[in-house]
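There are 2 protein chains.
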Amino acid sequence: MDLTTLAALVVAAGAAAGTGVLFQPGEWYRGLVKPAWTPPNRAFPIAWTVLYVLMVWAGYRIAQRPDAGPALALWAAQIALNAVWSPTFFGLHRPGIAFLQIALLWIAVAAMIAAFWARDIWSALLMAPYLVWISYAGALNLVIWDRNPSIAFGQRRP
Amino acid sequence: MDLTTLAALVVAAGAAAGTGVLFQPGEWYRGLVKPAWTPPNRAFPIAWTVLYVLMVWAGYRIAQRPDAGPALALWAAQIALNAVWSPTFFGLHRPGIAFLQIALLWIAVAAMIAAFWARDIWSALLMAPYLVWISYAGALNLVIWDRNPSIAFGQRRP
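As structure tokens, this is what we get:
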């Protein structure tokens, strides 16, 4: 058991998960025009808990391989992008910048899945739900941005 | 040249750097009681630009090695913790939680330097300024938290 790697990946996922706890949907989000297929708020922590566990699991498997470098660099890119979305969307109320972040996140996760696939197919499959969820969340972010033009380039809060 | 790894590390560092741009010192920070050794605001972007470049450089060197796994997992942990500090401190005005994050960041970077040292001493040395800066920033965060008790457990902004 490689405890350093496991602890490092758990801390990374925990830091990203923490922003979801610190920056939550509030009054502002409630007041937005949202599509009918918006999930209930309680779906987010459930989905993300599962996804963070899968991320650590897949990352840990890949880290044991001798050619882990590029795949783990992509893992680092996705966790950093993942960590900044909630502060940007729920904290700054900037759905445009948040959409850019989630679009980059989608690309990073897709590239990570490809890199995992070449090394360990099981790790790649573990990340499939993540890509599905980001596709859904990204579409939701885009539609919210589109339907709420007054906040489209929302002012930074003082 | 391993462009996938380089791009992934640049995107990760860019995501973290982006929170420093989105969440900046403002009125609130100006109004805090700060120690005499607080750096001028313009020091932060200069220091961080250098540190992000060094981070990518060292991470890239390590990623080329066959035993990169644990070292890059620690790199991922530090970039995630790095990305969440500015939103917590400057966005939420929560110096207590921000100090916890920077303390974890210090541990992650120290562990990363140890892991780098065992693989490539040059990469470890490249990260020395980062640890020095986090020690300084962490001390500053702690003293600000201590001297501004009214915001010690600051309310989340609505």
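Residue numbers (my numbering), protein chains in the order written: chain A, 1276 to 1433; chain B, 1276 to 1433. Note that the Cβ used here is the ideal one computed from N, Cα and C, for glycine as well. Predicted, not measured: the structure shown is a model, and the values here were computed from it.
Counting only beta-carbon atoms, is D1395 (chain B) nearer than 9 Å to chain A? With a threshold of 9 Å between beta carbons, D1395 (chain B) makes no contact with chain A.
Quick check on the DSSP output: the alpha helix (DSSP H) that includes I1419 (chain A) runs from which residue to which? Segment A1403 to R1422, the alpha helix (DSSP H) holding I1419 (chain A).
Would you please state the rounded distance, in angstroms, between the beta carbons of A1283 (chain B) and A1352 (chain A)? I believe it to be under 8 Å. With 8 Å as the limit, A1283 (chain B) and A1352 (chain A) qualify as a contact, their Cβ atoms being about 4 Å apart.
Under the rule that 16 or more other beta-carbon atoms within 10 Å means buried, what is I1396 (chain B), buried or exposed? Classified as exposed, I1396 (chain B) has fewer than 16 neighbouring CB atoms from the shown chains inside 10 Å of its CB.
Check whether chain B comes within 9 Å of I1419 (chain A), counting only Cβ atoms and requiring the distance to be less than that. With 9 Å as the cut-off, I1419 (chain A) does not count as an interface residue toward chain B.
Does chain A have any CB closer than 9 Å to the CB of W1381 (chain B)? W1381 (chain B) has a beta carbon lying at 9 Å or more from every beta carbon in chain A.
Helix, strand or coil for M1387 (chain B), going by three-state DSSP, please let me know. If DSSP states are grouped into helix, strand and coil, M1387 (chain B) belongs with the helices.
Assuming G1301 (chain A) contacts S1361 (chain A) under a Cβ cut-off of 8 Å, what Cβ separation, rounded to an integer in Å, is found between them? The C-beta separation of G1301 (chain A) from S1361 (chain A) comes to about 12 Å, leaving the pair out of contact by the 8 Å criterion.
Which chain A residues sit within Cβ distance under 7 Å of G1293 (chain B)? Here the neighbours are V1359.
When Cβ atoms are compared, which residues of the segment 1302 to 1336 of chain A fall closer than 9 Å to chain B? For the segment 1302 to 1336 of chain A, which is checked against every Cβ of chain B, the residues closer than 9 Å are E1302, W1303, G1334 and Y1335.
Straight-line Cα distance separating G1306 (chain B) from I1426 (chain B): In a straight line, the C-alpha of I1426 (chain B) is about 11 Å away from that of G1306 (chain B).
I think F1319 (chain A) touches G1366 (chain A), with their Cβ atoms under 8 Å apart; what is that distance to the nearest whole Å? Taking a contact as a CB-CB distance under 8 Å, the pair F1319 (chain A) and G1366 (chain A) does not count as one, their CB atoms being some 15 Å apart.
First through last residue of the alpha helix (DSSP H) which encompasses A1292 (chain A): Per DSSP, A1292 (chain A) belongs to the alpha helix (DSSP H) from L1278 to L1297.
Relative to the alpha-carbon of I1419 (chain A), which residue among A:D1277, A:W1303, A:V1308 and A:A1287 has its alpha-carbon at the smallest distance? Distances from the CA of I1419 (chain A) to each of A:D1277, A:W1303, A:V1308 and A:A1287 were compared; the closest alpha carbon is that of A:V1308.
CA-CA distance, L1356 (chain A) and Q1376 (chain A)? Taken atom to atom, the span from the alpha-carbon of L1356 (chain A) to that of Q1376 (chain A) is near 6 Å.
Show which residues of chain B have a CB atom less than 9 Å away from the CB atom of G1366 (chain A). Taking the beta carbon of G1366 (chain A) as reference, the chain B residues within 9 Å of it are L1297, F1298, P1362, G1366, L1367 and R1432, listed in sequence order.
Interface residues of chain A around W1350 (chain B) at Cβ under 7 Å? Within chain A, the residues near W1350 (chain B) are A1351.
I1337 (chain B) versus L1415 (chain A) - alpha carbon distance: Approximately 38 Å, taken between the alpha carbons.
Within the continuous alpha helix (DSSP H) that includes Q1339 (chain A), where are the two ends? Premise fails: Q1339 (chain A) is in no alpha helix (DSSP H) and is neither H nor E.
Let me check understanding here. Comparing Cα to Cα, which of A:L1406, A:T1324 and A:M1276 lies closest to L1379 (chain A)? Closest option to L1379 (chain A), Cα to Cα, is A:L1406.
CA-to-CA distance, A1403 (chain B) to L1347 (chain B), given in whole angstroms: In this structure, the straight-line span from the alpha carbon of L1347 (chain B) to that of A1403 (chain B) is close to 17 Å.
If you measure between the beta carbons of P1345 (chain B) and A1390 (chain B), is that distance less than 9 Å? The criterion of a C-beta distance shorter than 9 Å is satisfied by P1345 (chain B) and A1390 (chain B).
Would the beta-carbon of A1359 (chain B) fall within 9 Å of that of A1373 (chain A)? Per the sequence shown, residue 1359 (chain B) should be read as Val rather than Ala. With respect to the 9 Å criterion, V1359 (chain B) and A1373 (chain A) are not classified as neighbours on the basis of their beta carbons.
Going by other Cβ atoms of all chains shown within 10 Å of its Cβ, with 16 needed for buried, is V1285 (chain B) buried or exposed? Of the other Cβ atoms in all chains shown, 16 or more fall within 10 Å of the Cβ of V1285 (chain B); this residue is therefore buried.
Would Y1335 (chain A) be called buried (16 or more neighbouring beta carbons within 10 Å of its own) or exposed? Result: buried.
Using a C-beta to C-beta distance shorter than 7 Å, which residues of chain B count as neighbours of V1407 (chain A)? Chain B residues near V1407 (chain A): none, gap ~21 Å exceeds 7 Å.
Fully enclosed by the segment 1301 to 1336 of chain A, which beta strand (DSSP E) runs are 3 residues long or longer? If only uninterrupted beta strand (DSSP E) runs of at least 3 residues are considered, none is enclosed by the segment 1301 to 1336 of chain A.
Cα-Cα separation between A1333 (chain A) and G1371 (chain B), rounded to whole angstroms: Going by the C-alpha atoms only, they are around 32 Å apart.
Would a check of beta-carbon distances place G1344 (chain B) closer than 9 Å to chain A? True, the Cβ-Cβ gap to chain A drops below 9 Å.
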